[in-house]
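Residue numbers (full-length UniProt numbering): 1 to 40.
No residue lacks a Cβ here, since even glycine has one placed at the ideal position from N, Cα and C.
These numbers were taken from a predicted model, which means no experiment stands behind them.
As structure tokens, this is what we get:
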């Protein structure tokens with residue numbers, strides 16, 4: 001299983017179809033957790 005690094009660099013970032021290429025030198029990803037609820 002490949003792991004995604006915690007900090008990404010030299011990438012293209014798009015938000016709502018708008019490119020932020022060159023405006024974001026690095027990006028730290030949030031920690032992912034499982035969100036579960038009871039089901040009966």
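How about residue 30 and residue 9: do their beta carbons lie closer than 8 Å?
no
Starting from the Cα of residue 14, find the closest Cα among 38, 3, 27 and 4 and give me that residue.
27
Measuring straight from C-alpha to C-alpha, what distance separates residue 1 and residue 35?
At residue 1, the pLDDT of 49 sits below 50, so the modelled position is not reliable and the matter cannot be decided from this model.
Output the distance between the C-alpha atoms of residue 17 and residue 33, rounded to the nearest integer angstrom.
27 Å
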